[in-house]
Structure formats: C-alpha cells, structure tokens
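Structure, as structure tokens:
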Ligand SMILES: Nc1ncnc2c1ncn2[C@@H]1O[C@H](COP(=O)(O)OP(=O)(O)O)[C@@H](O)[C@H]1O
Ligand SMILES: [Mg+2]
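Protein chains in written order, with the numbering used here: chain A, 269 to 570; chain B, 34 to 288.
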C-alpha cells in the first residue's frame, strides 16, 4: 500500500510561475521518506497541494489510496502536517491550540485532552501548556506544531523543514522522536535541505529541483551514486580490449574514448596501472561532473 | 455529522475564548459608548423632547442602541477574527482538517453572534439604570436580535474573506454600516421625517431590524414587522451562500 502517491503533479501559481512541472512519486506505508531540494525547489508547494492549502493545476494525488479529488476530507483525516512557517495564533494557549485542532478533526474533548497531554509531554511542552504560544522559544514553537500535527493520530505525518533553524542538540532530540514515531508504524515524509538529515533519518529519498523530481531512490543507492566519480579518458590509439576492474565500470564511448566511473575509494593510480596493463595509453583526461553532487553542493552553499 | 458538530463547537469555543481574552477591546468599549449615549441623548437631551408613540425618548432609543451594539459587534467580531486568522495563518489549522466550509462559516458566525448578543445584553442591562423598558413581546425581541446578529456576523465573514490588509476590516463598518445604522431609526421615528425622506429611509434594511426589535419591547412600529422578518431571512440565506461560494473557491485562503 502506498501512503502517498503523486502522479504528474503540476502547479502554476497565479503569478504565472510554474512551481511544479510534472512530479511523480510514491511513498510506501511505513517508510521514512525524505524530500530533498534547494530553496525554491517546490517542496512546500507539493506539501501544500497534499494538504489542500494549494490548489493543483494538474495531476493526481492519492493518500492511502484515496484520491483527493474524490474525497479530500477522508484523505485529510489520515494526514498530519507540520508546516515550515509558524501558523498558530500566538495569543492562544499551548494546550488550546492542540485540543482545538483535535476538535477540527471531530475528536471529542476528553479524548482530545488525553492526546494533547500525551504529545505535549513527549515533546517536553506539558509544563508550558497554559502559556500563550508567543512566550515559547523557537524550538518549542516547532515542537508545538508537531504535537498539533499528531493529536488526531494521523497515519501519515508530513514535516516541512522541521529542523531549519533548530540548534544541533535539539535537532538530535527531534530526530530520535521522529525515528520512534516511524518505528511505531507511522509513515513520515520530511523535507529538508540537509543531506545529513536525510541520510540519518530516511530510508528513501526523493530529490526535487526547479519543480522536477531529479532522483527518487533508496538512501543506499543515492549515497552510492554520490560516492561515484566519472572520468573521461582520450586514448592515443583505438582501444582493442579492456579487462574489468573491481569497483570501476568502464564504458567505451567510441574507439578512443573511455568513460570510467569509480567509487571514491579507488585511486586514479590504480586505474592508470590497469590501463597500462591493458596496453591502453591515455592522451588526456577530464572529469565528468556529477549532477547530484553539484546539486548537493548547491544546497549546502545556501 | 457528529464530527462536524464537534468541529463547529471547537471553532465557536475558540472564538468565545478570544472574545473574553480581549474583553477590554471587545466588551468594554461598546458598553462605555452606549452608556454615554444614554446619558447624553437619553437624559440630557431626551428630557427636553416630546414622547414618541406614547413612550419617553429614553425608552424609544434604548432598543435602538441595543440593536446598534448587536449589529456592530456581530460584524466586527467575524471580520477581525477571520482576518486575523488569515494574517497569523492559523486559518490553515482549519483548512488542513476535514472540517467542511459550511461548518467553518457557522463556527465563525456563532462566534460573532456570541459577541454581538453578549454586548447587546450588557447594553440592555445598562439601559435598565436609565429607564424601565417595557417588554411587549419577548419572541419578537429575541427573533430580531438573533436574526440581525446572524446576518451581520455573516456579512462580517464576507468582509473577512475579502480583507487583505488591516484597513480593509474597517472600511465597510465606517462607510456603510455606521451611517446606515444612524439613519436606521436608532434616534428618531420615521414619522418625524418629511415624506420624501421616509421613502428613502425605507430602502435602508437596518430600519426594519431596529424597527422590529423595538416593536418587541414597545409594541409600536413605523415599519412592517413581517417584512423585516422576511428580509432578515433572505439576507441570511443570501450571505450564507456568498460565504460558502467564496470559501469553496478558496478565495483569499488557498493559493
Ligand atoms: N503563492 C505563490 N505565488 C507565486 N509563486 C510562489 C508562491 N509560493 C511559492 N512560489 C514560488 O514557487 C517556487 C517553489 O516554492 P516552494 O514550494 O516554497 O519551494 P521550497 O519549499 O522547495 O523552498 C519558488 O520559486 C517560490 O518563489
Ligand atoms: Mg519550503
């Protein structure tokens, strides 16, 4: 069962700006999915569409098999969302914010109170329950939104950059909390522009840039790809034969051009020795840029 | 259905908590203003005036002033609360939930009515210090108070949906509602106006709301009470549909 399934999603904003240009992705139930991308990639827009804050221009979205065009309320009941920007009333009390939200999902007050207590305690906010939200620190406000997003026990929790601007220690605590939620069987989708965060938490990673999905793969596969480097060698004579070499894949582009993709562990010296052993002589060499790595460098520089 | 009821009550409760949290802004000012009206128009000036329809001037304006408070406060509450929910973005709490739009409208309207009717009740209590107000028909008084409050809370909601900046929440109250209320028979009987102005006044819907409400207390009226009821029901339905239409379109709330 897919917790979320997005097909050919397009969004053009009123301004004419095309924020999503045909995104398709699936998130399986129980997965911890990371949606990575630089600022402006379209992460928040995608989440906005799933949670009805943004209207899609075209495409299909299904939540646990429910098409949002058929029964959005039923889909919404299964989703909890923690937005990127604070979106509660700063004048309301912490506990009221959480119990009201439960009420909006139709949960009777007694139950709402019990759930609010459970999550406010888990997130270290129970002592602050009677304080108005404006008195909370930045990290507490973020945790308040997590408690609010969980109060109706959604099967799918979506967090939009939950650790942006949260200091390192708190970030670790939040990671542990999210890992626990996921272990209890809750599907989690998280957007981030920290590779480290996705690496730590997620088992599947989608990378989005300029409104397009650049990559959608398991974490292991992604890390492997990032670890690979490709070089292009021009040889002085046509290559007759080239024996295989462990951890390197050779690709003959034309008679005198060889492409070699190697893991970073393998040294170039070894490749040159291998060429020499095969009677292949190199005239020149250049580095072929790694799309993914460039993208990540771009994200980190921000 | 039960879920919708719980959601409706949650919105209404949040609104009521808000009204009492900022009671210095919501409940106190109208009571002070209306007390001043009672003192100045009722006691100082009113004592110099002739009776209207057999009632002294104070008894005549008391229902008008109560109704004026109900109108203003029902409207102000929904417009400012909904605008503030858009401004602080906490309206998203509702939008991401399965709460249907008609429940959102009703929830905010119940909030507006809570403020409008509470202030109305407070002003009615204040009026007792100045005049022994008769009660001709409780049914009419309550019917007009509730329907008028409902209509203006709905109207405030429409304004709240359209409002894009703080100024937008006071334009309609300042330039439309306040003038129409002052000209709506709070302070005078239509019979005192020249024929021409009587006819013009009858195009002002607020005349019927205040007139019907006053009828509930004094049993006298210069308008058709039934026309007032019909008009309020029509406005209720119309404004409710406008609200639903705007929210269904996502106007001002979804991008
Ligand atoms: N309401 C809007 N109107 C016009 N453009 C918008 C709107 N919201 C977002 N955008 C644009 O859409 C693009 C994607 O934004 P967003 O989804 O917020 O990206 P991300 O969350 O990945 O940083 C950005 O270029 C942004 O400027
Ligand atoms: Mg974003």
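Cβ atoms here follow ideal geometry from the backbone N, Cα and C, with glycine treated the same way.
Output yes or no for whether 8 Å exceeds the beta carbon distance between residue i and residue j.
i, j, result
"residue 159 (chain B)", "residue 68 (chain B)", "yes"
"residue 242 (chain B)", "residue 146 (chain B)", "no"
"residue 390 (chain A)", "residue 354 (chain A)", "no"
"residue 377 (chain A)", "residue 130 (chain B)", "no"
"residue 347 (chain A)", "residue 426 (chain A)", "yes"
"residue 333 (chain A)", "residue 269 (chain A)", "yes"
"residue 125 (chain B)", "residue 351 (chain A)", "yes"
"residue 417 (chain A)", "residue 349 (chain A)", "yes"
"residue 260 (chain B)", "residue 86 (chain B)", "no"
"residue 412 (chain A)", "residue 356 (chain A)", "yes"
"residue 329 (chain A)", "residue 315 (chain A)", "no"
"residue 309 (chain A)", "residue 478 (chain A)", "yes"
"residue 262 (chain B)", "residue 176 (chain B)", "yes"
"residue 518 (chain A)", "residue 533 (chain A)", "no"
"residue 363 (chain A)", "residue 388 (chain A)", "yes"
"residue 37 (chain B)", "residue 136 (chain B)", "yes"
"residue 265 (chain B)", "residue 237 (chain B)", "no"
"residue 116 (chain B)", "residue 202 (chain B)", "yes"
"residue 230 (chain A)", "residue 504 (chain A)", "Because chain A is modelled from 269 through 570, residue 230 (chain A) falls outside the range shown and cannot be assessed."
"residue 513 (chain A)", "residue 542 (chain A)", "yes"
"residue 60 (chain B)", "residue 151 (chain B)", "yes"
"residue 194 (chain B)", "residue 285 (chain B)", "yes"
Report the CB separation of residue i from residue j in whole angstroms; it is logged as a contact under 8 Å.
i, j, result
"residue 300 (chain A)", "residue 456 (chain A)", "5 Å"
"residue 303 (chain A)", "residue 274 (chain A)", "At roughly 10 Å, the Cβ-Cβ gap does not stay under 8 Å, so residue 303 (chain A) and residue 274 (chain A) are not in contact."
"residue 531 (chain A)", "residue 287 (chain B)", "About 47 Å separates the two Cβ atoms, so there is no contact after all."
"residue 493 (chain A)", "residue 471 (chain A)", "Actually they are not in contact, since the Cβ atoms of residue 493 (chain A) and residue 471 (chain A) sit about 16 Å apart, beyond 8 Å."
"residue 44 (chain B)", "residue 141 (chain B)", "7 Å"
"residue 269 (chain B)", "residue 154 (chain B)", "Residue 269 (chain B) to residue 154 (chain B), Cβ: 21 Å. No contact."
"residue 148 (chain B)", "residue 106 (chain B)", "5 Å"
"residue 572 (chain A)", "residue 483 (chain A)", "Nothing can be reported for residue 572 (chain A): it is not among the residues displayed for chain A, which extend from 269 to 570."
"residue 144 (chain B)", "residue 220 (chain B)", "With 8 Å as the limit, residue 144 (chain B) and residue 220 (chain B) do not qualify as a contact, their Cβ atoms being about 29 Å apart."
"residue 307 (chain A)", "residue 461 (chain A)", "7 Å"
"residue 185 (chain B)", "residue 104 (chain B)", "5 Å"
"residue 525 (chain A)", "residue 502 (chain A)", "6 Å"
"residue 324 (chain A)", "residue 278 (chain A)", "7 Å"
"residue 419 (chain A)", "residue 383 (chain A)", "5 Å"
"residue 92 (chain B)", "residue 138 (chain B)", "That belief does not hold up - the Cβ atoms of residue 92 (chain B) and residue 138 (chain B) are roughly 37 Å apart, past 8 Å."
Counting only Cβ pairs nearer than 9 Å, list the residues of chain A close to residue i.
i, result
"residue 134 (chain B)", "Under the 9 Å cutoff, chain A gives no residues; its nearest Cβ is about 11 Å from residue 134 (chain B)."
"residue 289 (chain B)", "The requested residue 289 (chain B) is not part of the displayed model; chain B covers only 34 to 288."
"residue 40 (chain B)", "371, 372, 373 and 374"
So which residues on chain D does residue i lean against when the C-beta distance must stay under 8 Å?
i, result
"residue 358 (chain A)", "Of the protein chains in the structure, A and B, none is chain D."
Could you give the first and the last residue of the continuous beta strand (DSSP E) run that contains residue i?
i, result
"residue 301 (chain A)", "300-304"
"residue 496 (chain A)", "496-503"
"residue 34 (chain B)", "From DSSP, residue 34 (chain B) is part of no beta strand (DSSP E); its letter is neither H nor E."
"residue 248 (chain B)", "Careful: residue 248 (chain B) lies outside any beta strand (DSSP E), inside the alpha helix (DSSP H) at 238-251."
"residue 428 (chain A)", "424-428"
"residue 97 (chain B)", "Unbroken run through residue 97 (chain B) is the alpha helix (DSSP H), 90-120; no beta strand (DSSP E)."
"residue 294 (chain A)", "286-296"
"residue 553 (chain A)", "550-556"
"residue 328 (chain A)", "326-331"
For residue i, which residues in chain B fall below 8 Å Cβ to Cβ?
i, result
"residue 335 (chain A)", "Here the premise fails: no neighbours, minimum Cβ distance about 15 Å."
"residue 355 (chain A)", "121, 122, 123, 125 and 126"
"residue 369 (chain A)", "126 and 130"
"residue 364 (chain A)", "47 and 50"
Terminal residues of the continuous alpha helix (DSSP H) containing residue i?
i, result
"residue 65 (chain B)", "61-70"
"residue 136 (chain B)", "134-160"
"residue 516 (chain A)", "Residue 516 (chain A) -> not in any alpha helix (DSSP H); beta strand (DSSP E) instead, spanning 516-522."
"residue 171 (chain B)", "171-195"
"residue 526 (chain A)", "Element bounds for residue 526 (chain A): not the alpha helix (DSSP H) but the beta strand (DSSP E), 525-531."
"residue 214 (chain B)", "211-215"
"residue 276 (chain B)", "258-282"
"residue 371 (chain A)", "362-372"
"residue 539 (chain A)", "536-545"
For residue i, go through chain A and note every residue whose CB falls closer than 8 Å to its CB, in chain order.
i, result
"residue 129 (chain B)", "319, 320, 321, 344, 347 and 349"
"residue 288 (chain B)", "281, 282, 316, 321, 322 and 323"
At 7 Å on the CB atoms, spell out the chain A contacts of residue i, in chain order.
i, result
"residue 253 (chain B)", "Correct list: empty, because the minimum Cβ distance to chain A is about 45 Å."
- Task: Give, in chain order, every residue of the segment 261-286 of chain B whose Cβ lies closer than 7 Å to some Cβ of chain A.
- Result: 283
- Item | Cβ-based contacts, 9 Å cut-off: residues of the segment 337-353 of chain A near chain B | 340, 341, 342, 343, 344, 345, 347, 348, 349, 351 and 353
- Message: Against chain A, which members of the segment 42-64 of chain B pass a CB distance test of less than 9 Å?
- Response: 42, 43, 44, 46, 47, 50, 51, 54 and 55
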